[in-house]
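Numbering (the UniProt record's numbering), first residue to last: 1 to 358. Below is one structure; the comments refer to it alone.
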């Protein structure tokens, strides 16, 4: 059976920190830390808190030996600088408060619907979602037990598990094409079993590459790409392809380069344009209304899973939670929500009590 002392020693080893260095960093004498590590004395709560912070360890796990069930373990879509080859998530610190609000929304309900494990192979996931899934990507994910949350203020996309459910979080970008790649990328993290893919985490660069390769194969399968005569395709046909696949011109250009496929000079030039420019100049699909703007508008709307909102309504009706979290999910003031709440029982006055007893 492991002890707190042995778990702290393991965390020290993982962090590459020596005993003397840790003692100095957390304000303990070397002797006191040595005896605590050997279970000859207990750790004070303030000491454990300082140690967990210094070693970037889970204090719940140091104390109990089990991971904190409410701790957020995130995987993020990194920005990639093609000139330097560096990956980053510059807004992670600022995003943490919003991410914790999402965790709270899940923690406040009793139980989430069950969710099956995702296959790790892109072809199996594609078949699970339906071959033409990209038009209704979020709805298809809901059908296979993956929740999608879209909120303003996030700097990038994330994936995590909350209440036992796999969850993908999106920023309200208003860019349907970019959003599809983010969905596929984070779905890759979930399907491949990645957790904690953030800058500096062990293996994060390899996991990011794997998730991006998953997204590329899911949205633009190599077999399909090689069956197309790109050297004969005109710009109008490429615009149709971009719309049907729900991918950006940038994503298509990079996929062609990665596979060594060479389009005509005219198409290569068109793929340097913005996606909107290509579609509005050359897409000849259904033009009832403005479907391009509709797609972009939908990608800018706040959303939470319907089941989660319904679960909050049930909790509110039972008096177990207030309206605040549901109002936040809906993006409205709490006082504007007309939901069923338990009637408050008013205290009886002395006269009313005497009347009942008399």
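Every residue gets a Cβ at the ideal spot worked out from N, C-alpha and C, and that includes glycine. Here the structure is a predicted model, which is why all the values come from computation and not from measurement.
Query	Result
Compare the Cα-Cα distances from residue 82 to each of 23, 34, 254 and 329 and report the closest residue.	254
Out of curiosity, what's the CA-to-CA distance linking residue 157 and residue 18?	36 Å
Is the CB-CB distance between residue 138 and residue 148 below 7 Å?	yes
Checking 7 Å against the spacing of the C-beta atoms, do residue 187 and residue 179 come in under that value?	no
Within its chain, find whatever has a CB closer than 8 Å to the CB of residue 274; leave out the 5 residues flanking it on each side and keep chain order.	249
By the three-class DSSP mapping on this structure, what secondary structure does residue 311 have?	helix
For residue 333, which residues in the same chain have their Cβ closer than 8 Å to its Cβ, ignoring the five residues on either side in sequence?	327
Mind checking which residues open and close the alpha helix (DSSP H) that includes residue 167?	Careful: residue 167 lies outside any alpha helix (DSSP H), inside the beta strand (DSSP E) at 165–171.
Could you spell out the range, first to last residue, of the beta strand (DSSP E) harbouring residue 161?	158–162
Kindly indicate which three-state DSSP category residue 280 falls into: helix, strand or coil?	helix
Just how far apart, CA to CA, sit residue 162 and residue 76?	15 Å
Whole-angstrom Cβ separation of residue 267 and residue 288, contact assumed at under 8 Å?	That pair is no contact at about 27 Å.
Closer than 7 Å, CB to CB, is residue 159 near chain C or not?	Of the chains in the structure shown, none is chain C; there is only one protein chain.
So, using beta-carbon positions, are residue 43 and residue 32 closer together than 7 Å?	no
Among all the DSSP beta bridges, which residues are the ones paired with residue 81?	86
Who are the near neighbours of residue 359 in its chain, counting only those whose CB is closer than 8 Å to its CB and skipping five residues on each side?	In this structure the chain extends from 1 to 358, so residue 359 is not present and cannot be described.
So what's residue 239 in DSSP terms, helix, strand or just coil?	helix
Between which residues of its own chain and residue 41 is the CB-CB distance below 6 Å, once the five residues before and five after are set aside?	35
Measuring CB to CB, does residue 74 end up less than 7 Å from residue 190?	no
Which residue comes first and which comes last in the alpha helix (DSSP H) that contains residue 232?	Unbroken run through residue 232: none, as it is neither H nor E.
What would DSSP say about residue 134, mapped onto helix, strand or coil?	helix
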